[in-house]
Amino acid sequence: MKHCFRAASVAAFLISGHAGAADRVGDEKAGVEQPPLAIQAQASLGEAGLLRSYFEGDQFGSVQWRIGQARTTIGSAAASGLPSSRYRDGTADTIIPLNFIHVLPDGESALRFGMRGTFNDGADYLVESNGGTGRLDLQYLWFPDARTMLGIGGVFERTHLDNVGSGTYNKTAGGIRADALNEFSEHWGIAARVEYSWGEGDLNTMIAPGINLRHKQGDDHLYTQAELIGQFRNGDLAMIPQGWVLHPSVGIQFQRDFIEATADSFSVVSSGVVGATENYGTAWAYVRMEKEVPQNHLSPNFLIGLEHEYVNDLEGVVKEPNYAVFGGGVSMMTGKAARIEISYTRHQGLQANRWNQAVVGTVTLNF
Numbered sequence: 246m247k248h249c250f251r252a253a254s255v256a257a258f259l260i261s262g263h264a265g266a267a268d269r270v271g272d273e274k275a276g277v278e279q280p281p282l283a284i285q286a287q288a289s290l291g292e293a294g295l296l297r298s299y300f301e302g303d304q305f306g307s308v309q310w311r312i313g314q315a316r317t318t319i320g321s322a323a324a325s326g327l328p329s330s331r332y333r334d335g336t337a338d339t340i341i342p343l344n345f346i347h348v349l350p351d352g353e354s355a356l357r358f359g360m361r362g363t364f365n366d367g368a369d370y371l372v373e374s375n376g377g378t379g380r381l382d383l384q385y386l387w388f389p390d391a392r393t394m395l396g397i398g399g400v401f402e403r404t405h406l407d408n409v410g411s412g413t414y415n416k417t418a419g420g421i422r423a424d425a426l427n428e429f430s431e432h433w434g435i436a437a438r439v440e441y442s443w444g445e446g447d448l449n450t451m452i453a454p455g456i457n458l459r460h461k462q463g464d465d466h467l468y469t470q471a472e473l474i475g476q477f478r479n480g481d482l483a484m485i486p487q488g489w490v491l492h493p494s495v496g497i498q499f500q501r502d503f504i505e506a507t508a509d510s511f512s513v514v515s516s517g518v519v520g521a522t523e524n525y526g527t528a529w530a531y532v533r534m535e536k537e538v539p540q541n542h543l544s545p546n547f548l549i550g551l552e553h554e555y556v557n558d559l560e561g562v563v564k565e566p567n568y569a570v571f572g573g574g575v576s577m578m579t580g581k582a583a584r585i586e587i588s589y590t591r592h593q594g595l596q597a598n599r600w601n602q603a604v605v606g607t608v609t610l611n612f
């Protein structure tokens, strides 16, 4: 959305009162001040498709759900004695991310405050988990040049899940997150992310009427992700319709969980369902088409791709190594420097053993 990001960035500059910062970071031509470097960089990184990767949590959210659901399914299968072929996993989520970005007086940095609500509606399978996660992010963003962004900050989240017919799970966690975005050529850029989270989980399982098993334990994770994203237009490839931009991307993520060994309410000491550590990693290749429009106009986009699990320590019951990924959405930049988007994405296992889909309503505001 080349024109869209550029217009919103200029609008953000006009409403945020950074005239002094503009003198330090931009040239004045014909008496017109240039926007601060932080605004210029957001425009450039937005056009390159890198800001979408930064703000969007689809891959991260899919990974967290798959890991949590797999743990529950493994535990249920072990208790029931039913064959693995009876089990499938699925969820339909509603996600609402809100992001507020404030450019600081130096014009080269900004603060981002993010709030994200995820509401899970588990599929009606043998193991069904419903509930949600609330997350807060606070990050310091630095823009050393108009093609680069570096970010570091803290996160806090709380999760509550009802495992239908068997009990509940609650978790409180906090951690640190670092990001790097760089548009290193005319057509390519990279978005990278690392997060370490310290948490404590509280599992309450009904064993029999009036008898519950309680197990509290530390549950930390290290999450890493990198994505190479391109941008091509009609002038680059004639097959691309005029006014549209093609964003091909290839990415990879890896997560390692560290589960503390503690005693449950029956004095049995254990860590995770497969041990003290769990590894999960995927790689993907996507293609996104997006319409470039001026501000206050709707911009449709479409996504299709493939995802592959290259490591999954939790595949003992439900095995689903390959996914078709597809979706679409519509977004708009407003004159008040806000970006609004509604999108849908589905990860469909090719063996029909696992799927997850989400409707996401995103609001990002510069002030």
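So for the sequence shown, our numbering puts the first residue at 246; every next one is plus one. Think of the CB as a built atom: it goes at the ideal place given N, C-alpha and C, for glycine as much as any other residue. Note that this is a predicted model, so its numbers are computed, not measured.
Kindly indicate which residue of H466, L386, S411 and N457 has the alpha-carbon position closest to the one of G420. H466
Original post:
What are the complete beta strand (DSSP E) segments, minimum 3 residues, inside the stretch 507-589?
Top reply: 522-536, 544-557 and 567-578
I504 versus V514, A521, A315 and S510, residue with shortest Cα-Cα distance: A521
message = Would N611 and I346 qualify as a contact pair, given that the criterion is a beta-carbon distance under 9 Å?
response = yes
| said: Only counting the same chain, and skipping five residues up and downstream in sequence, which positions put a Cβ closer than 7 Å to that of S307? | reply: H592 and N601
| said: On the DSSP bridge list, what partners appear for Q593? | reply: A569 and W600
Rounded to the nearest angstrom, how far is the Cβ of W529 from that of V570, given a contact under 8 Å?
7 Å
### Query
What is the C-beta distance between D338 and F364, in whole angstroms, given that I count them as a contact (C-beta under 8 Å)?
6 Å
Would you call the stretch 401-420 and the stretch 367-385 touching, i.e. three or more CB-CB distances under 8 Å?
The stretch 401-420, when compared against the stretch 367-385, does touch it at the 8 Å Cβ threshold.
Inset, instruction - Please classify V605: does DSSP put it in a helix, a strand, or coil? - result: Strand, per DSSP.
In this structure, what does DSSP give as the bridge partners for V495? L473 and A530
> Leaving out the 5 sequence neighbours to the left and right, which residues in its chain are closer than 7 Å to W443 when beta-carbon positions are compared?
Replying inline: A418, G419, G420 and D465
Throw me the rounded Cβ distance for the N427 and T393 pair, which I believe falls under 8 Å. 5 Å
Checklist line | Segment contact, 8 Å Cβ cut-off, at least three pairs: the stretch 427-439 with the stretch 286-301 | finding: yes
Q. How many Å lie between G480 and Y589 at the Cα?
A. 29 Å
Alpha carbon of R312 to alpha carbon of L559, nearest angstrom:
Before going on, a small fix: residue 312 reads as Ile here, not Arg. C-alpha separation (whole angstroms): 7 Å.
- With 16 other Cβ atoms within 10 Å as the buried cut-off, status of R269: Legend: pLDDT at R269 = 34, less than 50; position of this residue unreliable, value from coordinates given subsequently. Counting Cβ neighbours within 10 Å, R269 comes out exposed, since fewer than 16 surround it.
Review point. How long is the line joining the alpha carbons of Q287 and Y531, rounded to whole angstroms?
Key: Distance between the alpha carbons of Q287 and Y531: 23 Å.
Contact set for A231: own chain, Cβ-Cβ below 7 Å, skip 5 residues either direction: Given a span of 246 to 612 for the chain in the structure shown, any question on residue 231 remains unanswerable.
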